[in-house]
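Here is the structure we will look at, set down as C-alpha cells.
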Amino acid sequence: MPKPDLTAPTVDSDEIKRFDALADDWWDEAGPMAPLHKLNPVRLAYIRDHLCRHIGRSTETRAPLSKLRILDIGCGGGLLAEPLARMGASVTGIDLAPSHIQGAKRHAEAAGLKIDYRVVSIDDLQAEQAHFDLVCAMEVIEHVPDQTAFLRTAASLVAPGGGFVMATLNRTARSFALGIVAAEYVLGWLPRGTHRWSRFQRPSEAARGLRRGGLEIVDLTGVSYDPLRDRFHLTSDVSVNYMLFARSVR
Numbered sequence: 561m562p563k564p565d566l567t568a569p570t571v572d573s574d575e576i577k578r579f580d581a582l583a584d585d586w587w588d589e590a591g592p593m594a595p596l597h598k599l600n601p602v603r604l605a606y607i608r609d610h611l612c613r614h615i616g617r618s619t620e621t622r623a624p625l626s627k628l629r630i631l632d633i634g635c636g637g638g639l640l641a642e643p644l645a646r647m648g649a650s651v652t653g654i655d656l657a658p659s660h661i662q663g664a665k666r667h668a669e670a671a672g673l674k675i676d677y678r679v680v681s682i683d684d685l686q687a688e689q690a691h692f693d694l695v696c697a698m699e700v701i702e703h704v705p706d707q708t709a710f711l712r713t714a715a716s717l718v719a720p721g722g723g724f725v726m727a728t729l730n731r732t733a734r735s736f737a738l739g740i741v742a743a744e745y746v747l748g749w750l751p752r753g754t755h756r757w758s759r760f761q762r763p764s765e766a767a768r769g770l771r772r773g774g775l776e777i778v779d780l781t782g783v784s785y786d787p788l789r790d791r792f793h794l795t796s797d798v799s800v801n802y803m804l805f806a807r808s809v810r
C-alpha cells in the first residue's frame, strides 16, 4: 500500500511526530497517558450504551458489539480498540505514527485479540470506499488543522444507518483554564504544548460539519473530573470536555 499523504488537510505532521515520541507510554497508567486511562471507562460506556441504543441491542450481553465494524481514528496504542474488540466488535484501528501501530499490534497479540491495525489516514480509507457501523474520533479533532475536512471525510466512512462518536474539548475560557493551563502547566497531567486552544471545537461547529456529511447529532454530553474520587464522570456541563453521538441520515 502507498504511504499515507501527510500533507492532506486532515493531517498535522508535526503532531504525528510529537505523539510518535510517546509510543512506549500508551499502556503506562502512571505515564503521560494517565488521563486517558482514567477517562477510558467513561468513553467505553458511552460508546457501548449509545451504539446499542441506536441499533436496538441490549448492553447486558457478553458481547454487545458482536459483528459490528468499528473504526478507531487515531488509535494510538489501542486503549480504546482493545476493549471494543473484547465487546465483540470487529475493530480497525488507524494511526499515522508507525510506532503506535507497531506497539498496538504487539499488545493486542499478547492479549490474544484480533484487531486490524493500519498506518493509513481517513483519506486513504475514503479512497478505498470503506464503511463502518461506527466511526470513533476520540480526542483527535483538536489535533487536526482542517477540522471541516476531517469531519466531512470521517462522516463519509459511516455506513448508512451507522453512527459516529467523538470526544474533544470545547473552545471556551474555562477550557483554556482547565484544559491547557491546569492540565499542562499546573498539574502536569499532559506534556506542555499538547493542545492548542484555537483547535478546540465548539459543539455548534461540530454539528455544522457533521450535518454537511449527512450525520445528525442525537446526544451531547459533558465530561468532568472529580478530584476527590480521582475519576471522570458524565455531566450536563459541556464547557470543557464533551462527547457526542451522531447518526447517519443519508
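Take 561 as the starting number for the sequence shown in my numbering and just add one per residue. Here a beta-carbon is modelled for each residue, glycine too, at the ideal position from N, C-alpha and C.
Is residue i helix, strand or coil when you go by DSSP?
i	result
G663	helix
C635	coil
T652	strand
D588	coil
F760	coil
N600	helix
H755	coil
A657	coil
A623	coil
Please determine, among the options, the residue with the shortest C-alpha to C-alpha distance to residue i.
i	options	result
K627	R772, R617, I633, C635	R617
A766	F805, G739, D786	F805
D786	L738, F724, G722, F760	L738
C612	G769, M647, I633	M647
E699	A671, I633, S681	I633
Do residue i and residue j have their C-beta atoms within less than 7 Å of each other?
i	j	result
L788	P763	no
Looking only at its own chain, which residues have a Cβ that is under 6 Å from the Cβ of residue i, when we skip the five neighbours before and after it?
i	result
P595	W749
V695	L631, A714, L717, V718, F724
Quick one: what's got a C-beta closer than 7 Å to residue i's C-beta in the same chain, skipping five residues either side?
i	result
A743	W749, L750
W587	G637, H667
R734	S799, V800
V602	V783, F792, H793, L794
D797	G782, S784
A623	M647, G648
Suppose the cutoff is 8 Å on Cβ atoms and the five residues either side in sequence are ignored; what does the same chain contact list for residue i look like?
i	result
N600	L639, L640, P643
D609	T619
query = At what residue ranges does the segment 706-754 contain a whole run of the alpha helix (DSSP H), taking only runs of 4 or more?
reply = 707-716
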